[in-house]
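For the sequence shown, full-length UniProt numbering gives the first residue as 1, with consecutive numbering after it. Heads up, the beta-carbon is just placed ideally off N, CA and C, and yes, glycines get one too. Nothing here was measured: the structure is a model prediction, and the numbers come from that model. Step one of this worksheet: look at the structure below.
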Amino acid sequence: MTTLGAKAMCGLAAAAVAVGVSQLVAAAFGPQADVRTAVGSSVIELTPGPVKEWAIETFGTADKLVLSVLVLVVIGVIAAIAGIVEGPRRPLGSAAIVAAGGLGCAAVLSRAGATVVDVVPTVVGAVCGVAVLRLLISRRFTDARGGPAATDTADGPDRGRRLSLVTLGFLGVGVASGVAGAVISRLASSVSGDRQAFALPRVDVPAPPVPASVQPEGVALPSFITDNADFYRIDTALTVPQLSRADWQLRIHGMVDREVTYRFEDLERFEAVEQVVTLTCVSNPVGGELISTATWTGYRVRDLLAEAGVRPDADMVLSMSTDGWTAGTPVEALTAEDAMLAIGMNGEPLPVEHGYPARLVVPGLYGYVSATKWLVDLELTRFDRAEAYWTRLGWSARGPIKTESRIDVPRAGEDVALGPVTFGGVAWAQDRGVRDVEVQISTPSGEGQWQRAELGAGYSDATWRLWSFDWEAEETGFHTITVRATDNTGYTQTSERADPVPDGATGWHSITFAVR
Ligand SMILES: Nc1nc2c(c(=O)[nH]1)N[C@H]1C(S)=C(S)[C@@H](COP(=O)(O)O)O[C@H]1N2
Ligand SMILES: [Mo]
1 MTTLGAKAMC GLAAAAVAVG VSQLVAAAFG PQADVRTAVG SSVIELTPGP VKEWAIETFG
61 TADKLVLSVL VLVVIGVIAA IAGIVEGPRR PLGSAAIVAA GGLGCAAVLS RAGATVVDVV
121 PTVVGAVCGV AVLRLLISRR FTDARGGPAA TDTADGPDRG RRLSLVTLGF LGVGVASGVA
181 GAVISRLASS VSGDRQAFAL PRVDVPAPPV PASVQPEGVA LPSFITDNAD FYRIDTALTV
241 PQLSRADWQL RIHGMVDREV TYRFEDLERF EAVEQVVTLT CVSNPVGGEL ISTATWTGYR
301 VRDLLAEAGV RPDADMVLSM STDGWTAGTP VEALTAEDAM LAIGMNGEPL PVEHGYPARL
361 VVPGLYGYVS ATKWLVDLEL TRFDRAEAYW TRLGWSARGP IKTESRIDVP RAGEDVALGP
421 VTFGGVAWAQ DRGVRDVEVQ ISTPSGEGQW QRAELGAGYS DATWRLWSFD WEAEETGFHT
481 ITVRATDNTG YTQTSERADP VPDGATGWHS ITFAVR
């Protein structure tokens, strides 16, 4: 290996030890002391709104994985450079590790609920990293008398090989302690046991049953009710907040007659309700997958607010999660009959990544202005006084869901055989409901007429509607199918293309396919 490569390896080994040791030590301190999460969260926070948006649109639910990999790559590059610039008498690389440690400490301290003690793992990790870098560089690149040597093989290939093994050893120790730390932390803080021990309350007001006729036949569409495992997931939480029922509290304050704090068991005195609601993300591009439907169990937010008494001049509820994310929802949406504090999803306690133990579900509004997961705080306030997380980043303060539709069959680029075929997809216009779906198919010989699709049974205005369209492929070559929906107010979705920013994408979804 070249000297440069060997030195870069020393830097990587030192960084691995620094990060690994900090992870291991953090296991004893709790999730708030985890520098990896803190740095990742700070990166999310400091990333400009449009870039975040682009990341969500491009990577969808894999956005966090991409971020984690990116952070690792950046650490790796800095570490390699730190190794290269480190000299026995010129500890520039060590200085870089110290600086990185300082940034790590700042990131940890910026997290909600962190104290000075929480930087201990980061400091210990940085110290170990510097020690390893000093040790490796001084051994490798100085000869027996302590003078600088030209290469790491100055004393013969054996010594060079031995030192490479030492470097690899440190790298291994760093990775192993990092993995061990992450595993121990996860086991220690996990609420999956708490969740498994929770039996949902008996429902007082069940949702009307979902008839089989909601699902068009003869075409492979998404299930009307989305399995929890398939339900889209969007949030800014780099590690999923672990909040047990015993630790959960919901504080209602601000422009109220009296402040109220509910503990989880206090919820039992309210009427338990069940509703089927389709959630949609404002970041969903035309044709996107950030929409799913579940049967939610929980309580009416209205009942919880009533005990606090909402002052008439409050027009917004700023809801907050345990990790400090916020949404601003119109008071009238949360005092409507259908706004829920959900604790169950498809007959199970909320999955941890969908907000266990309690979240908001508000039909008709995009998730960013309504669907706060890991909910702990409701502040009654005014739109002219408070700004929520995404609004601060340039998104609209209000986010009613737009009338939209999507083609699921055929997929882009799919081949269709000559003869009969059934196409289909979904359409939505939560809180208005879908009245009509039309499709238009362009064939090689010309543009077709708009034709009415067949609709699966409508369940409610709060849910999406599945559609299908029987068609006969008569001509080979490229075709395009386009879809548009009309809601129950008579509004037909606009063909005008708009980006998700600032209040949701618009435009007709088209798919090109070939008949062969
Ligand atoms: N705590 C918290 N809640 C949140 C978010 C978040 O980032 N943090 N994102 C919201 C957004 S943008 C959407 S679209 C919905 C998605 O809910 P889901 O992940 O259960 O599908 O959650 C909302 N609730
Ligand atoms: Mo969203």
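Member of 273, 119, 433 and 61 whose CA lies at the smallest distance from the CA of residue 230: Taking the first residue of the sequence shown as 1, we reach residue 230 at position 230. The option with the nearest alpha carbon to residue 230 is 61.
Coil, strand or helix - residue 247 by DSSP: Locating residue 247 in the sequence shown gives position 247, counting from the first residue. Reduced to three states, the DSSP call for residue 247 is coil.
Reference residue 454; option with closest CA among 213, 140 and 184: In the sequence shown, the residue the question calls residue 454 occupies position 454. The shortest Cα separation from residue 454 among 213, 140 and 184 belongs to 213.
Every unbroken alpha helix (DSSP H) inside the UniProt domain "Oxidoreductase molybdopterin-binding" (238 to 389) [4 residues or more]: 301 to 308 and 331 to 334
At least three beta-carbon pairs within less than 8 Å, the segment 274 to 291 to the segment 323 to 330: no
Straight-line gap, residue 159 to residue 84 (C-alpha atoms, nearest Å): Counted from its first residue, the sequence shown places residue 159 at position 159. Counted from its first residue, the sequence shown places residue 84 at position 84. The straight-line gap from Cα to Cα measures roughly 20 Å.
Length of the line joining the Cα atoms of residue 425 and residue 491: Translated into positions along the sequence shown, residue 425 becomes position 425. Translated into positions along the sequence shown, residue 491 becomes position 491. Approximately 19 Å between the Cα atoms of the pair.
Helix, strand or coil at residue 511 according to DSSP, with G and I counted as helix: The residue given as residue 511 occupies position 511 in the sequence shown. Residue state, collapsed to three classes: strand.
Member of 489, 199, 480 and 166 whose CA lies at the smallest distance from the CA of residue 515: As a position in the sequence shown, residue 515 is number 515, starting the count at 1. Here the closest residue by C-alpha is 480.
Neighbourhood of residue 377 by C-beta distance below 6 Å, restricted to the same chain and skipping five residues each side: Residue 377 sits at position 377 when you count from the first residue of the sequence shown. Cβ neighbours of residue 377 beyond the five flanking positions: 251 and 320.
According to DSSP, residues forming a beta bridge with residue 91: Your numbering for residue 91 matches position 91 in the sequence shown. Its beta-bridge partners are 86.
Cβ neighbours of residue 314 in the same chain (closer than 6 Å, five flanking residues each side left out): The residue given as residue 314 occupies position 314 in the sequence shown. Excluding positions up to five away in sequence, the list reads 255, 331 and 380.
Within the segment 433 to 515, ranges of the beta strand (DSSP E) (whole runs, at least 3 residues): 434 to 443, 446 to 452, 465 to 473, 477 to 487 and 509 to 515
Three-way DSSP call (helix, strand, coil) for residue 207 in this model: For the purposes of this step, residue 207 is taken as residue 207 along the sequence shown, with counting starting at 1. Looking at residue 207 - three-state DSSP - the assignment turns out to be coil, as it is neither helix nor strand.
Rounded straight-line distance, which links the Cα of residue 340 to that of residue 360: Residue 360 sits at position 360 when you count from the first residue of the sequence shown. Residue 340 sits at position 340 when you count from the first residue of the sequence shown. Distance between the alpha carbons of residue 360 and residue 340: 6 Å.
Secondary structure of residue 25, DSSP reduced to three states: To locate residue 25, count along the sequence shown from 1; it is residue 25. It is helical.
Near ligand 1: residue 367 beta-carbon under 7 Å from a heavy atom: Position 367 of the sequence shown, counting from 1, holds the residue named residue 367. For ligand 1, at least one heavy atom lies less than 7 Å from the Cβ of residue 367.
Option in 247, 196 and 234 with minimal Cα separation from residue 280: Position 280 of the sequence shown, counting from 1, holds the residue named residue 280. The option with the nearest alpha carbon to residue 280 is 234.
When 469, 457 and 458 are compared against residue 438, the one with the closest alpha-carbon: As a working mapping, residue 438 is identified with position 438 in the sequence shown. It is 469 whose Cα lies nearest to the Cα of residue 438.
Within 8 Å, strictly: CB atoms of residue 285 and residue 505: Mapped onto the sequence shown, residue 285 falls at position 285. Mapped onto the sequence shown, residue 505 falls at position 505. Yes, the pair counts as a contact, with Cβ atoms nearer than the cut-off.
Delimiting residues of the alpha helix (DSSP H) encompassing residue 528: Residue 528 is absent from the structure shown; the chain starts at 1 and stops at 516.
With 16 other Cβ atoms within 10 Å as the buried cut-off, status of residue 69: The residue labelled residue 69 in the question sits at position 69 within the sequence shown. It counts as exposed.
Beta-ladder partner(s) of residue 405, from DSSP: In the sequence shown, counting from the first residue as 1, residue 405 sits at position 405. Paired residue(s): 427.
heavy atom of ligand 2 below 7 Å from residue 44 C-beta: Residue 44 sits at position 44 when you count from the first residue of the sequence shown. Residue 44 Cβ: outside cutoff for every heavy atom of ligand 2.
Residue 64 - DSSP class collapsed to helix/strand/coil: Here residue 64 is taken as the residue at index 64 of the sequence shown, counted from 1. Correct three-state label for residue 64: helix.
Residue 400 - partner residues in DSSP beta bridges: Working through the sequence shown from its first residue, we reach residue 400 at position 400. BP columns for residue 400 point to 365.
DSSP state of residue 196 mapped onto helix, strand, coil: Within the sequence shown, numbered from 1, the residue matching residue 196 stands at position 196. Here residue 196 sits in helix by DSSP.
Spatial neighbours of residue 440 in its chain, beta-carbon cut-off 6 Å, leaving aside the 5 residues before and after: Along the sequence shown, one-based indexing puts residue 440 at 440. Hits under 6 Å: 448, 450 and 482.
Residue burial classification, residue 151 (beta-carbon count within 10 angstroms, cutoff 16): Walking along the sequence shown from the start, residue 151 turns up at place 151. Unreliable positioning characterises residue 151 in this predicted model, as indicated by a pLDDT of 48, which lies under 50. The coordinate reading is nonetheless provided below. Looking at its Cβ environment, which holds fewer than 16 other Cβ atoms inside 10 Å, residue 151 is exposed.
Exposed unless 16 or more other CB atoms sit within 10 angstroms - verdict on residue 217: Here the question's residue 217 lines up with position 217 in the sequence shown. By the neighbour-count rule (16 or more Cβ atoms within 10 Å), residue 217 is not buried but exposed.
Cutoff 7 Å; reference residue 145; Cβ partners in own chain excluding five residues on either side: Position 145 of the sequence shown, counted from the start, is the residue given in the question as residue 145. Residue placement at residue 145 is poorly supported in this model, since its pLDDT is 45, which falls under 50; the coordinates still yield a value, given next. Hits under 7 Å: none found.
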